[in-house]
Ligand code: HEC
Ligand code: HEC
Ligand SMILES: [Ca+2]
Ligand SMILES: [Ca+2]
Ligand SMILES: [Ca+2]
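In this note's numbering, the protein residues as written are 403 to 882.
Printed below as a string of structure tokens:
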């Protein structure tokens, strides 16, 4: 038994220390010792692990298909109006310029989708296409070449593969996915199967991609609760970081410092699968440009690499195509989408699962609870106690999940801890249960089984649980 795992936020008292789990036998002892001390009843303060109102006073009580698309319940009347205008710009399609609907023209020249909502359907998450003919939107392929900070090849394909284009302009190519089955077993002998994807680019319009081009597949995540994540104080996130693992629990979260174009300085990255964007506004402006082909003051140049002459000659829809005011409305919309309430909070299985979540070390990265500042500029988001289950830090998740493509200061195996709030409603809202950055996991359970690197010990803990305990942990996650 080595150094302790400590979760000061969630566990209280001297018993807040769990022994190291290394392998088989040690694991069995570990689990037995947890059972011996009452499954942690006395150790885990559940009030710090969950609350029905996951999004504080913004929380919306709906568990139906609209669960992710409601406005923060505590928005004022005027703010709700701004929200609705933002909603319309998030949902409606952009069209080719020039068009009579000037407010919405400028699509492309190359693009991946015509609106934000075609990837973030019902403000929820996308799934990967089922086959090469499946037109589903919401899986992007980011591109870069070796060099400092994940350099972009401005000559040929740029920083992202756009698989659609306006008339007269070639699309860059299409993604094709193949899966390889991987098998494994739980400690109790129950078998499981995972599928590891590989990606190829079909019909590359400007010749085959360079051999050293690095690719990173990204699925569109859900977009509710973004303003609350933005409101978590920077000092709080920095305090959770432990880059040199000084507390010796095997987990070494790092902050991702990125460029903030509005501030003209470096800032803490929070959004995207590698925390590559510092603000909701910049994330939205980047999406407008790269995903839809819409320029803004933050991303003023059309996305047409040197060799793409038809792209460079196509008419635009104004400079910029989305004015700051409208970008602001879309940003506000995403910032103030309500977090859906948890279900079954008093179910004993959910309570057991929540304890196991802490005991397995999940809470060491998926930090349950944060508090937003009292004086936050958006009143509805200020002074809120929230349960997003993320530390917004980068973690090395091991070879299995690595895309081997650095982004800014994030390495090819580092990912930002994704929030888990609302995860149990994805099936209802989006009609699927595909998880992780590329949607490879077919269930929450498979997502957990893919954890490696810093999360290896957590995964091994999960593998060592009995079928009943595993089900309890998953029941808790499905209640979020
Ligand atoms: C073609 C699909 C697609 C479109 C269209 C799209 N997005 Fe996204 N969105 C994504 C993907 C993929 C990510 C993850 C990006 C990353 O990892 O860097 C993302 C991430 C986000 C995030 C951050 C979520 C988080 O948890 O960090 C926000 C906010 C967001 N998008 C808003 C928007 C807005 C606003 C629009 C419209 C202007 C938009 N998106 C259009 C695919 C899309
Ligand atoms: C070392 C930090 C760390 C620990 C410990 C950890 N996770 Fe994660 N978790 C992550 C990161 C980072 C990702 C994103 C990985 C990816 O998409 O490639 C993730 C993804 C997930 C997802 C999928 C989320 C989504 O939106 O697709 C689930 C579910 C999840 N974790 C649950 C758990 C559970 C349950 C445990 C404990 C058994 C756990 N995690 C332990 C960091 C961690
Ligand atoms: Ca354009
Ligand atoms: Ca491109
Ligand atoms: Ca640590």
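Glycine included, each C-beta is placed from N, C-alpha and C at the ideal position.
Please read all numbers here as calculations on a predicted model, not as lab measurements.
Beta-carbon gap between residue 363 and residue 723 smaller than 7 Å: The requested residue 363 is not part of the displayed model; the chain covers only 403 to 882.
Note down the Cα distance separating residue 727 from residue 708, rounded to an integer number of angstroms. 31 Å
Beta-bridge pairing of residue 577 - partner residues as DSSP gives them: 603
Under the criterion of a Cβ to heavy atom distance below 6 Å, does residue 732 qualify as lining ligand 7? Looking at this structure, you won't find ligand 7 anywhere; what it does contain is ligand 1, ligand 2, ligand 3, ligand 4 and ligand 5.
First and last residue of the uninterrupted alpha helix (DSSP H) at residue 464: That residue, residue 464, is in no alpha helix (DSSP H); it is neither H nor E in DSSP.
Taking the alpha carbon of residue 462 as the point to measure from, which residue in 493, 730, 745, 794 has its own alpha carbon closest? 745
Simplified DSSP assignment, three categories, for residue 744: Residue state, collapsed to three classes: coil.
Quick check: the Cα distance between residue 489 and residue 469, rounded to an integer number of angstroms? 15 Å
Test item, CB below 6 Å from any non-hydrogen atom of ligand 5: 644, 647, 649, 651, 653, 654
Going by beta-carbon coordinates alone, are residue 713 and residue 571 separated by less than 7 Å? yes
Tell me where the alpha helix (DSSP H) around residue 862 begins and ends. Residue 862 -> alpha helix (DSSP H) spans 858-866.
With respect to the beta strand (DSSP E) encompassing residue 371, which residues constitute its N-terminal and C-terminal limits? Missing from the structure shown is residue 371; the chain here goes from 403 to 882 and no further.
With a Cβ-Cβ cutoff of 7 Å, do residue 618 and residue 807 count as a contact? yes
By DSSP, does residue 628 sit in helix, in strand, or in coil? helix
Short check: CB of residue 737 to CB of residue 616, under 7 Å? no
Any heavy atom of ligand 3 within a distance shorter than 6 Å of the CB on residue 495? no
Nearest neighbour of residue 525, chosen from 500, 493, 504 [CA to CA]: Residue 493 is the option with its Cα nearest to residue 525.
Three or more C-beta pairs closer than 8 Å, one from the region 757-770 and one from the region 824-836: is that the case here? no
Please report how far the alpha carbon of residue 611 lies from the alpha carbon of residue 620, in whole angstroms. 19 Å
Within the continuous beta strand (DSSP E) that includes residue 620, where are the two ends? 616-621
Separation of residue 483 from residue 471, as counted between CA atoms: 15 Å
Identity of the residues DSSP links to residue 787 by a beta bridge: 773
Provide the residue(s) that pair with residue 809 in DSSP beta bridges, ordered along the chain. 812
Can you determine whether any heavy atom of ligand 3 sits closer than 6 Å to the C-beta of residue 574, and answer yes or no? The closest heavy atom of ligand 3 lies 6 Å or more from the beta carbon of residue 574.
Per DSSP, what kind of secondary structure is residue 432 in: helix, strand or coil? Caution applies to residue 432, whose pLDDT of 37 falls short of 50 and renders its modelled position unreliable; the value that the coordinates give is listed next. Correct three-state label for residue 432: helix.
Looking at C-beta atoms only, is the number of pairs between the region 596-608 and the region 623-643 that lie closer than 8 Å three or more? no
For the beta strand (DSSP E) that residue 669 lies in, which residues bound it at each end? 667-670
Identify every residue that forms a DSSP beta bridge with residue 585. 595
In chain order, which beta strand (DSSP E) runs of at least 3 residues are fully inside the region 701-746? none
Ligand 2 heavy atom lying under 6 Å from the CB of residue 626: no
Rounded to the nearest angstrom, what separates residue 685 and residue 451 at their Cα positions? 29 Å
Could you check what DSSP says for residue 524 in three-state terms: helix, strand or coil? helix
Hey, how far is the Cα of residue 734 from the Cα of residue 655? 29 Å
Minimum C-alpha distance to residue 840 - residue among 795, 794, 675: 675
Can you find a heavy atom of ligand 2 that lies under 6 Å from the Cβ of residue 817? yes
Are the CB atoms of residue 554 and residue 760 within a distance shorter than 7 Å? no
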